[in-house]
Amino acid sequence: MSSKLKNQTEGLSATELKVFSVLRHFNVYELNRLGKFLRSPYFNKIDKITRLFESFEKVLRSDGQKDLTRGEAWYLATQSDEYKDQKFRKLCSDLLRLIEEFLVQEEFDKSPLHKADYLLQAILDRRLEDLTNSSVRTAQRLSSQYYFRPASYFY
């Protein structure tokens, strides 16, 4: 990429990125949970992604008082002065993928019956007889609490 084109993309606002527009839809509590999710080494092993999110989060929490260029976001994420547009876009894409995983996890956590079902499946697959009785009782208790069963209950 020519240095002139690189300088043009480096100066563009990061707030116009797809990942940033998605983050705008999150409330304060969701941003907090997403931050914890991204800081978890189980879900995210790349510190640059966490730092990129934190730079976006500061702008979001400022209620539009701050702006952030792509070059500034790159520097905050990588601590590197040399802006690399292709790598920055890859970093944003990786952050977006983790946000999608976070949304899936959030929906999964809302459904204790599905969690019990997956637990029973894991117990069956691994032949963990010691966990079978208590897990079956938990699943039965959760199932009996569903007065109006959604379609997903039957799948």
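Here the sequence shown is numbered in this note's numbering, starting from 1 and rising by one per residue. All C-beta atoms in this analysis are idealised placements derived from N, C-alpha and C, irrespective of residue type, glycine included.
Requested in this report: Report all residues from its chain with a CB closer than 8 angstroms to the CB of residue 3; omit the five preceding and five following residues, and keep chain order.
Outcome: Residue placement at residue 3 is flagged as unreliable, the pLDDT there being 48, under the threshold of 50; a coordinate-derived value is accordingly withheld.
Report task. Measure how close the beta-carbons of residue 83 and residue 16 come, nearest whole angstrom, since I'm counting them as under 8 angstroms. Result -> Actually they do not touch by this definition, with Cβ atoms about 16 angstroms apart.
Query raised in the report: alpha helix (DSSP H) containing residue 68: first to last residue?
Result: Unbroken run through residue 68: none, as it is neither H nor E.
Query raised in the report: When the Cα atoms are used, what is the spatial distance from residue 30 to residue 131?
Result: Approximately 33 angstroms between the Cα atoms of the pair.
Query raised in the report: So what does DSSP say about residue 13, is it helix, strand or coil?
Result: In the three-state scheme derived from DSSP, where H, G and I count as helix and E and B as strand, residue 13 is classed as strand.
Query - Check whether residue 43 and residue 101 have beta carbons under 8 angstroms apart - result: It is a contact, given that the beta carbons lie within the stated cut-off.
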